[in-house]
Amino acid sequence: MTLTASDLRNLVLAALALAVCALLPFGGSGYWLGIGVTIVMFTALATSWALFSGPTHYISLATAAFFGVGTYVTGLGFEVLPFWSLIGIAGLIGAVLAALVGFATLRLSGVYFVIFTLGLAELVRQVITWGQNMTGQRGLYVLTDITEAGIYWWLLGLSAAVYLGGWLIGRSRLGFALRIIGDDETVAAHSGINTAFAKVMLFMVPGAVAAMTGAILAPRYVYIEPSLAFAPILSFQVVIMALLGGASRLWGPLVGVIPFTLLLESISSNFPNQTTLVLGVAFLVIVYFLPRGFVGLLEDARGGLRKRAGGMA
Amino acid sequence: MRQASPVLAVRGATKRFGGLVAVNAMDFDVAEHQVMGLIGPNGSGKSTTLNLISGALPLTAGTISLRGTPISGLPAQTITRKGVSRTFQLVRLLPSMTVLDNVVAGAVFGHRRLWGAEARAQAETLLERVGLGGQGHLPVGQLTYIDTKRVELARTLAGDPKLLLLDEWLAGLNPTELQIGIDLIRSLRDEGRTIILVEHVMDAIRSLCDRCVVMAAGTKIAEGTPAEVLSDAEVIRAYLGDDDA
Ligand SMILES: Nc1ncnc2c1ncn2[C@@H]1O[C@H](COP(=O)(O)OP(=O)(O)O)[C@@H](O)[C@H]1O
Ligand SMILES: [Mg+2]
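Structure (structure tokens):
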């Protein structure tokens, strides 16, 4: 693998940014740390979501399913296994679940895929509720000594891994194959790409990441039950943030996550219970005004500037 | 008449779309280094036959073998990796990519599976060859019709296919472009590729094809040298009333 000078510069800048973000818990503000946790959580979720959905244009609403499974891995295992291993196990289960869902659905056209992934969260939730009823429980207590700062650092590490992974995939055969599939699946197959395999491989990434995110966040909830762990609104939030930022670039979702988290935060503290309304409005804004997200706006602006500069030369 | 070890053997290939039999029990062989013309009036099933060979569509019945090994039933990507590559009658490019990346796509995933600088070098060589040298940075949306056809051919060649399927690649070219196109296809044969040419342009058929198979309404109605089939009474009848005659 060869690194250009600009690759190296980007890597150094990213490492610096990561180091700065890692300092947040030392700021001493519980309020900002809480917001920081939400931001890194959605950064991991939305960025990994866009890795798959950006090039393929498949809208996945399965985030809540994987996330919920992850929280239950921690909920069921925290007394017997170390936390880090639970995160790994959750990632593995998420990846396997995504592969199964992928093989079953990625041959379907886009609309069926959306419906199926939405139904998946509900299905898993029903299965777990049923399992709990059989054993006479309603929920699980997750009592650990993991602090908010610990959760934040775990999520930050996960986000960094998503970025690194996304960057590597973007430079790999797999990433190139996904871009070709997104452009024209018939051409992809006739160029020699195993389209089903490529799609399933990449769908495993958001599956694993969402499950790991759920596993990391479970201690924060203290008490988890299916309706909380598998709340479908999470899937919609991830889609909206990723599209608001723009799913065509690795850094796009982050540009959506930060303003949207701050917006939601200020709204929910001033007008509780209006979150759904904000999501709806945001969705309309994206569809009508920002089809390519903030990334599209920036690229248009840059293109316009270049054109004007070219005109003057 | 029979050539030794055909590259491609089509036996009883049939494709039904509901009640319509688009390809009806087609039989033919294509020998190594040969250019075989597949001709016939519009709607006679030529493109569908190519779709069956390339794996774009599954066969309803029959078999297709590549050097004696059956390929019918395999997915398109597997057939491509075995060295069969095609263009489309309606040109298909990758709209979000540059000219160069369109061709690199063929080099990376095709028969040869190159990567990185090697794939780019291969793509640049091929762009040069189809007459688009130095145009790699252009977005494909800015190309003229002939240039889109050139890019598609370069992508098809980038995987270094042994069997090339060209679906009316010369259609819509002006006389100068046509001559360039014919020379280009001849150079592909001269370097040892086997080619199936679906074509309406009679000049191209006469000057390029070793043999022709003529289709009408999904069925093979004649086979032989271009001179033979073009003077065949049934072929003339099939073409009469068709504006391509
Ligand atoms: N995917 C398809 N579905 C239904 N009918 C098709 C399809 N493809 C081709 N046909 C029909 O099959 C017949 C042969 O078409 P085609 O192979 O494209 O002819 P040609 O390439 O010789 O002009 C036509 O009647 C066409 O309408
Ligand atoms: Mg045709």
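Keeping their order, the protein sequence lines are chains A and B. Reminder that position 63 of the first sequence reads as 63 in the working numbering, one-by-one numbering, no gaps. Just add 313 to the spot in the second sequence (first one is 1) and you have the working numbering. From the three backbone atoms N, C-alpha and C, an ideal C-beta is built for every residue, glycine too.
Within the same chain, show all residues whose beta-carbon is closer than 8 Å to that of Val222/A, passing over the 5 residues directly before and after it, in chain order.
Here the set comprises Tyr141, Val142 and Leu143.
Of the listed residues Thr457/B, Val343/B and Phe422/B, nearest to Asp473/B (C-alpha basis):
Checked all of Thr457/B, Val343/B and Phe422/B; the closest Cα to Asp473/B is Phe422/B.
Just the chain B side, please: which residues come within less than 9 Å of Ala177/A by C-beta, in chain order?
Ala418, Val421 and Phe422
Note down, in chain order, all residues in the stretch 466–494 of chain B with a beta-carbon under 9 Å from any beta-carbon belonging to chain A.
Arg468, Thr469, Ala471 and Gly472
Between the C-alpha atoms of Thr43/A and Leu174/A, what's the straight-line distance to the nearest angstrom?
Answer to the nearest angstrom: the Cα atoms are 22 Å apart.
Between Ile193/A and chain B, is there a C-beta pair that is closer than 9 Å?
yes
In the DSSP assignment, find the alpha helix (DSSP H) that holds Phe330/B and state where it starts and stops.
Segment Leu321 to Phe330 is the beta strand (DSSP E) holding Phe330/B; no alpha helix (DSSP H) there.
Return yes when at least one heavy atom of ligand 1 lies under 8 Å from the C-beta of Pro354/B, else no.
yes
Kindly examine ligand 1 and report whether one of its heavy atoms sits closer than 8 Å to the Cβ of Val323/B.
no
Per DSSP, what kind of secondary structure is Cys21/A in: helix, strand or coil?
helix
Quick check on Val511/B: does DSSP put it in helix, strand or coil?
Of the three classes helix, strand and coil, the one that applies to Val511/B here is strand, per DSSP.
Proximity test, Cβ basis, 9 Å: Pro452/B and chain A
no
If you run the structure through DSSP and keep just helix, strand and coil, what is Leu333/B?
strand
Quick one: what's Val348/B bridged to in DSSP?
Ile508/B
Report yes if the C-beta of Gly331/B is less than 8 Å from at least one heavy atom of ligand 1; otherwise report no.
With a cutoff of 8 Å, Gly331/B counts as near ligand 1, since its C-beta is closer than that to a heavy atom of the ligand.
In the structure shown, what three-state DSSP assignment does Ile216/A receive?
helix
Determine, using beta carbons only, whether Ile39/A and Val257/A come nearer to each other than 9 Å.
Against a cut-off of 9 Å, the Cβ pair of Val257/A and Ile39/A comes out as a contact.
Rounded separation between Val528/B and Met349/B - CA only
Checking the sequence shown, residue 528/B turns out to be Met, not Val. If you take the alpha carbons of Met528/B and Met349/B, they lie about 13 Å apart.
What residue range is occupied by the uninterrupted beta strand (DSSP E) comprising Ile534/B?
Thr532 to Gly537
Check whether the Cβ of Ser360/B sits closer than 8 Å to any heavy atom of ligand 2, and report yes or no.
Within the cutoff, so yes.
Compute the Euclidean distance between the alpha carbons of Trp428/B and Glu79/A, then round it to the nearest angstrom.
Within the model, the alpha-carbon separation for Trp428/B versus Glu79/A is close to 48 Å.
For Met339/B: DSSP bridge partner residues:
Ala326/B
Using 10 angstroms around the beta-carbon of Tyr58/A, count the other beta-carbons present and answer buried if the total reaches 16, otherwise exposed.
buried
By the criterion of Cβ-Cβ separation under 9 Å, what are the contact partners of Met410/B in chain A?
Correct list: Arg179, Ile180 and Asp183.
Note down, in chain order, every chain A residue with its Cβ under 9 Å from the Cβ of Arg405/B.
Per Cβ cutoff of 9 Å: Asp184, Thr186, Val187 and His190.
Going by DSSP, which residues form a beta bridge with Cys525/B?
According to DSSP, which records beta bridges pairwise, Cys525/B is partnered with Gly350/B and Gly537/B.
For a test of the three-state rule: what should DSSP assign to Ser398/B, helix, strand or coil?
strand
In chain A, which residues lie less than 8 Å from Ser367/B when you measure between Cβ atoms?
His190
Counting pairs of Cβ atoms below 8 Å between the stretch 333–341 of chain B and the stretch 442–459 of chain B, do you hit three or more?
Below 8 Å, too few C-beta pairs join the stretch 333–341 of chain B and the stretch 442–459 of chain B to call them touching: fewer than three.
What does a CB cutoff of less than 6 Å around Phe203/A pick up in its chain, not counting 5 residues either side in sequence?
Residues of the same chain with a CB within less than 6 Å of the CB of Phe203/A, apart from the 5 flanking positions on each side, are Phe52, Ala98 and Gly102 in chain order.
Grab the span of the beta strand (DSSP E) containing Ser378/B for me, first residue to last.
Ala374 to Leu379
With 9 Å set as the bound, which would you pick, yes or no: does the beta-carbon of Pro371/B sit closer than that to a beta-carbon of chain A?
no
Assuming the contact rule is C-beta atoms closer than 8 Å, Gly449/B and Val412/B should be a hit. Round their C-beta distance to whole Å, please.
5 Å
Going by beta carbon distance, what residues of the same chain come within less than 7 Å of Ile128/A, once the five residues before and after it are set aside?
Tyr72 and Pro226
Let's see if you can read the secondary structure: which residues bound the alpha helix (DSSP H) around Leu155/A?
Glu148 to Gly170
Between the stretch 230–259 of chain A and chain B, which residues of the former have CB atoms less than 8 Å from a CB of the latter, in chain order?
none
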